[in-house]
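Working notes for the structure below.
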């Protein structure tokens, strides 16, 4: 194995070439774009690093690399990128590249262009790593096919996991680095207090990262009354471990302890008996000291659960280019079936489908993420076919049924484990009900995230921010949402009140004036008892805002309507999903308002 630089040539050596030609692998960060070719299984060659700033577009960098590599006949490519990957449009948060995955695929002339999150790629590298690629620090042996956890401290804090399903490893997408930081002793609590001076929410990432090392150092200087000094993470490590600087040494020790807390929390959350793996750029710079640091002692110190964490092994990933190993595994998994990914197989087989199956194929090609998350009844309705036709289509694609097809489709599109809506049945056991309720809530939240109208959200935030007074109206579970919104808006300094009684709602609405805002919340969107209050609010000249299903009576009458759609049987169940979604929308508005009203504060 060779250390990576701009001209490194090979990571692994293997056997025969891929039948479909060399595959392009890419690892894209905010500063550098790393590329490699995989001419055959286990052979990653011609590794080159290109400065991202020198290329106007992502595709420019790809074409430049391919020219340097001799213009190989690439048909399939996979890219990991330090950015959320939720749809076709990619807009990097730490660089100015923005592109459509499909448009880039067509421009580059590839059959396949798969884009995944960089931590998904690192997660998928773990099962492929060899003993020489790992440094074990404590614990026993990993248990086969048990969940695996992954943390990576670098510019940020990545958190992920792997679970075994259907005979393969499935990566779990996570934003676990943004959980609240949990101090374990008075010294760390003092660091937390320091962090609160500039961040209302101090996430684990704020401290357990490269920039986090710098914040811990600043905090310790301030806590102990030393003059302020701005040091970079590398300087702190060098002074602490090489030059005997006491504050820098304590900074490194606190960082390692905090990383131990994060890793242990992840281990217990996932039940990660398969081990916890540590990636990222910070830990390797600590060298052998990390093995002697407080990391493992903190990892094992979990009270009654210490007996469990002592057994779980922790590993530092020492491989030079683990991201390439991960994206190679992802692309290999997605291609399968003779090197043809499922969406490409659908394109190639369209001429062989019956007219009904062709409608299902068209729906899948146009809206793969929607199909991956919907029940069979919705898929059949959208495609205007019968449910047996949907099943027949899935089997024609070599899948056992719809569930198998959706799993392959969703993981092929996003690289993550899909969560779908499932109908609760009368004969479901309590555990099945619990799983379905959880899955349905997650699916609804993801759909809301992907479908909420950004322009309307911005307008509503602006209206609330400039409103002289905000009145909130709702009944039942929506009344609870209104009261929750009142408390949160009041904490921001807005004059507001919530009303859940029809008579009080009418009195309140009759006293509204121009410049006020009236927010009506309804899971059905029917005017009903809200009708009179709505009329009075509109007559008053106040701005009327609705949180309700799109095209409902309430949404159509309001000046601004934030559409909240949900799929639940309110005839047999309480309106649970809508309450959760409304609370989430309230949080979106409150956080946006807080940022808009702040004067330069940086929210975590």
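In full-length UniProt numbering, the protein residues as written are 1 to 604. C-beta atoms are modelled at their ideal positions from N, C-alpha and C, and glycine is treated no differently.
Cβ-Cβ distance between residue 161 and residue 183 below 8 Å: Translated into the one-based positions of the chain shown, residue 161 becomes position 161. Translated into the one-based positions of the chain shown, residue 183 becomes position 183. Not a contact, by the Cβ cut-off of 8 Å.
Contacting residues, own chain, Cβ-Cβ under 7 Å from residue 177 (five flanking each side not counted): Residue numbering aside, residue 177 sits at position 177 when the chain shown is read from its first letter. So the qualifying residues of the chain are 156, 157, 158, 159, 203, 204, 205.
Residue 142, buried or exposed, once every other Cβ within 10 Å from all chains shown has been counted against 16: Here residue 142 is taken as the residue at index 142 of the chain shown, counted from 1. Under this definition residue 142 is a buried residue.
Residues near residue 77 by beta carbon distance below 6 Å, same chain, minus five either side: Here residue 77 corresponds to residue number 77 of the chain shown, with the count starting at 1. Cβ neighbours of residue 77 beyond the five flanking positions: 24, 110, 113.
Counterpart residues of residue 35 in DSSP-defined beta bridges: Here residue 35 refers to the residue found at position 35 of the chain shown. Residue 35 is bridged to 26, 48.
For residue 149 and residue 313, believed in contact at Cβ under 8 Å, the rounded distance: Taking the first residue of the chain shown as 1, we reach residue 313 at position 313. Taking the first residue of the chain shown as 1, we reach residue 149 at position 149. That pair is no contact at about 11 Å.
At least three beta-carbon pairs within less than 8 Å, the stretch 504-517 to the stretch 526-538: yes
Own chain residues within Cβ distance below 6 Å of residue 97, not counting five before or after: Here residue 97 refers to the residue found at position 97 of the chain shown. Closer than 6 Å at Cβ, skipping near neighbours: 58.
Simplified DSSP assignment, three categories, for residue 191: Here residue 191 is taken as the residue at index 191 of the chain shown, counted from 1. Here residue 191 sits in helix by DSSP.
Contact set for residue 168: own chain, Cβ-Cβ below 7 Å, skip 5 residues either direction: In the chain shown, the residue the question calls residue 168 occupies position 168. Scanning its chain for C-beta atoms nearer than 7 Å, with the 5 sequence neighbours on each side dropped, one finds around residue 168 the residues 333, in chain order.
Residue 322 beta carbon less than 8 Å from that of residue 279: Translated into positions along the chain shown, residue 279 becomes position 279. Translated into positions along the chain shown, residue 322 becomes position 322. Taking 8 Å as the Cβ cut-off, residue 279 and residue 322 qualify as a contacting pair.
Residue 535: first and last residue of the uninterrupted alpha helix (DSSP H) it sits in: Counting from one through the chain shown, the residue named residue 535 turns up at place 535. Note, residue 535: alpha helix (DSSP H), 531-540.
Reduced DSSP category for residue 430 - H, G, I as helix; E, B as strand; rest coil: As a first step, residue 430 must be located in the chain shown, where it is residue number 430. Residue 430 falls in the helix class under three-state DSSP.
Extent of the continuous beta strand (DSSP E) run through residue 76: Within the chain shown, numbered from 1, the residue matching residue 76 stands at position 76. Segment 76-81, the beta strand (DSSP E) holding residue 76.
Buried versus exposed call for residue 260 [16 or more other C-beta atoms within 10 Å across all chains shown]: Sequence index remark: in the chain shown, residue 260 carries index 260 (1-based). Classification for residue 260: buried.
Three-state secondary structure (DSSP) of residue 452: As a working mapping, residue 452 is identified with position 452 in the chain shown. Looking at residue 452 - three-state DSSP - the assignment turns out to be coil, as it is neither helix nor strand.
As assigned by DSSP and simplified to three states, the class of residue 343: Along the chain shown, one-based indexing puts residue 343 at 343. Three-state result, residue 343: helix.
Opposing strand residues paired with residue 496 [DSSP bridges]: Taking the chain shown and counting its residues from 1, the one referred to as residue 496 is at position 496. In the DSSP output, where bridge partners are listed per residue, residue 496 has 470.
Three-state secondary structure assigned by DSSP to residue 209: Taking the first residue of the chain shown as position 1, residue 209 is located at position 209. In the three-state scheme derived from DSSP, where H, G and I count as helix and E and B as strand, residue 209 is classed as coil.
Residue 261 - DSSP class collapsed to helix/strand/coil: Along the chain shown, read from residue 1 onward, the residue named residue 261 stands at position 261. Helix.
Closest by C-alpha distance to residue 478, when choosing among 501, 237, 186, 208: Here residue 478 is taken as the residue at index 478 of the chain shown, counted from 1. The shortest Cα separation from residue 478 among 501, 237, 186, 208 belongs to 501.
CA-to-CA distance, residue 79 to residue 95, given in whole angstroms: Counted from its first residue, the chain shown places residue 95 at position 95. Counted from its first residue, the chain shown places residue 79 at position 79. Taking the straight line from one Cα to the other gives about 16 Å.
Counterpart residues of residue 171 in DSSP-defined beta bridges: Within the chain shown, the letter at position 171 stands for residue 171. 162, per the DSSP bridge assignment.
Rounded Cβ spacing between residue 522 and residue 530 (contact assumed at less than 8 Å): Sequence index remark: in the chain shown, residue 522 carries index 522 (1-based). Sequence index remark: in the chain shown, residue 530 carries index 530 (1-based). Confirmed, about 7 Å.
Collapsed DSSP secondary structure at residue 97 in the structure displayed: As a first step, residue 97 must be located in the chain shown, where it is residue number 97. Note: residue 97 maps to coil in three-state DSSP.
Alpha carbon of residue 543 to alpha carbon of residue 518, nearest angstrom: Sequence index remark: in the chain shown, residue 543 carries index 543 (1-based). Sequence index remark: in the chain shown, residue 518 carries index 518 (1-based). C-alpha separation (whole angstroms): 6 Å.
Whole-Å CB distance - residue 356 paired with residue 309, under 8 Å assumed: Taking the first residue of the chain shown as 1, we reach residue 356 at position 356. Taking the first residue of the chain shown as 1, we reach residue 309 at position 309. At roughly 54 Å, the Cβ-Cβ gap does not stay under 8 Å, so residue 356 and residue 309 are not in contact.
One or two residues paired with residue 135 in a DSSP bridge: To locate residue 135, count along the chain shown from 1; it is residue 135. Looking at the DSSP assignment, residue 135 forms a beta bridge with 316.
Distance, residue 402 Cα to residue 391 Cα: By 1-based counting over the chain shown, the position of residue 391 is 391. By 1-based counting over the chain shown, the position of residue 402 is 402. Computed Cα separation, rounded: 6 Å.
Cβ contact check for the stretch 286-304 and the stretch 244-262: 3 or more pairs under 8 Å: yes
Bridge partners - residue 526, DSSP secondary structure assignment: Your numbering for residue 526 matches position 526 in the chain shown. In the DSSP output, where bridge partners are listed per residue, residue 526 has none listed.
Segment contact, 8 Å Cβ cut-off, at least three pairs: the stretch 556-564 with the stretch 457-470: yes
The stretch 112-129 touching the stretch 237-249, judged by at least three CB pairs closer than 8 Å: No contact exists between the stretch 112-129 and the stretch 237-249.
Beta-bridge partners of residue 91, as assigned by DSSP: Indexing the chain shown from 1 puts residue 91 at position 91. Residue 91 is bridged to 98.
For residue 543, the residue or residues it bridges with in DSSP: If you number the chain shown from 1, residue 543 lands on position 543. BP columns for residue 543 point to 517.
Cβ neighbour criterion (16 or more within 10 Å) applied to residue 578: Here residue 578 refers to the residue found at position 578 of the chain shown. Flag for residue 578 reads buried.
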